[in-house]
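Below you'll find the structure, written out as structure tokens, and then a few comments.
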Amino acid sequence: PQAANAPRPTTSTQPTTTDGTPDNWDPSPRDYAVLTGQNLDGTALDHNSIKDDKGKPLPKGGCTAESLARLSVTGGTAPHQQLGDLVAKGMDDSLDRVEHDSRLAPLKQNWVQCMKDAGHPVPSWSEPPKASSELTKDGSDLSVDHQLAAMTCARKDNIPALQYSLDTEYQKSWIGRNKNDLESLHSDFQQEMTKATKVVKR
Numbered sequence: 377p378q379a380a381n382a383p384r385p386t387t388s389t390q391p392t393t394t395d396g397t398p399d400n401w402d403p404s405p406r407d408y409a410v411l412t413g414q415n416l417d418g419t420a421l422d423h424n425s426i427k428d429d430k431g432k433p434l435p436k437g438g439c440t441a442e443s444l445a446r447l448s449v450t451g452g453t454a455p456h457q458q459l460g461d462l463v464a465k466g467m468d469d470s471l472d473r474v475e476h477d478s479r480l481a482p483l484k485q486n487w488v489q490c491m492k493d494a495g496h497p498v499p500s501w502s503e504p505p506k507a508s509s510e511l512t513k514d515g516s517d518l519s520v521d522h523q524l525a526a527m528t529c530a531r532k533d534n535i536p537a538l539q540y541s542l543d544t545e546y547q548k549s550w551i552g553r554n555k556n557d558l559e560s561l562h563s564d565f566q567q568e569m570t571k572a573t574k575v576v577k578r
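For the sequence shown, the positions run 377 to 578 when this note's numbering is used.
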């Protein structure tokens, strides 16, 4: 990940970050600046304000960006990040297509009517996430009933199965359209890993 995406400092226990940083990492302002090239609040840092023992100023993006640049086989953004960004874009594209697929439209209408009949009326299919969130804050029986009704109504027309099927269909289509880019980035990523392994073994 680039410096801008470096994990934010925290004193609470969170899942381990993707770059291997301890999940309870609580750095000093200087440590965070050296790693990311940013202040603790995420604002830009004056790179000349921090220098190494030879008087060389901190590189833009901190040590994270410097290490990624040295490992890069393309001279630009690290392949693993490009690959991750591309895959994330593909997943978002697929989910958006599923949400607007006309084959789901009549089932969504059935679901809304089912929820009304079950005593949990909702304005539309797109409203439940917000409504459910509001209802589950106190963990009341009403919230449990609402969730159970939502699942029961969705399963009545097998909506989850259709969503999964459509998502698979769109993802396969997206992979086909982006095959060359995916294969190219995968090759660059493999080279990057080989280079990183050699550096670690020094």
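Glycine is no exception: its CB is placed at the ideal position from the N, C-alpha and C atoms.
If you reduce the DSSP assignment to three classes, tell me which class residue i lands in.
i, result
"P433", "strand"
"S476", "Per the sequence presented here, residue 476 reads as His, with Ser not at that position. DSSP places H476 in coil when its eight states are reduced to three."
"A454", "coil"
"H496", "coil"
"V449", "coil"
"P403", "coil"
"S502", "coil"
"D468", "helix"
"D609", "Because residue 609 is not part of the residues shown, which for the chain are 377 to 578, the question remains open."
Looking at the strands, I want to know which residues DSSP matches up with residue i.
i, result
"Q414", "A420"
"K427", "P433"
Using the C-alpha atoms, what's the distance from residue j back to residue i?
i, j, result
"L447", "H476", "41 angstroms"
"T573", "L542", "40 angstroms"
"P497", "C529", "12 angstroms"
"P505", "D472", "Reliability fails at P505, whose pLDDT of 49 lies under 50, so the model's placement of it is uncertain and the value that follows must be treated cautiously. In a straight line, the C-alpha of P505 is about 16 angstroms away from that of D472."
"F565", "D557", "12 angstroms"
"N444", "K432", "Checking the sequence shown, residue 444 turns out to be Leu, not Asn. Taking the straight line joining both Cα atoms gives about 19 angstroms."
"N400", "T419", "22 angstroms"
"Q458", "K465", "10 angstroms"
"V410", "D429", "13 angstroms"
"T412", "D402", "14 angstroms"
"Q547", "M467", "7 angstroms"
"K376", "N534", "The requested residue 376 does not occur in the structure, where the chain is confined to residues 377 to 578."
"Q539", "V488", "16 angstroms"
Provide the residue span of the alpha helix (DSSP H) that contains residue i, from first to last.
i, result
"N486", "481–493"
"H562", "555–577"
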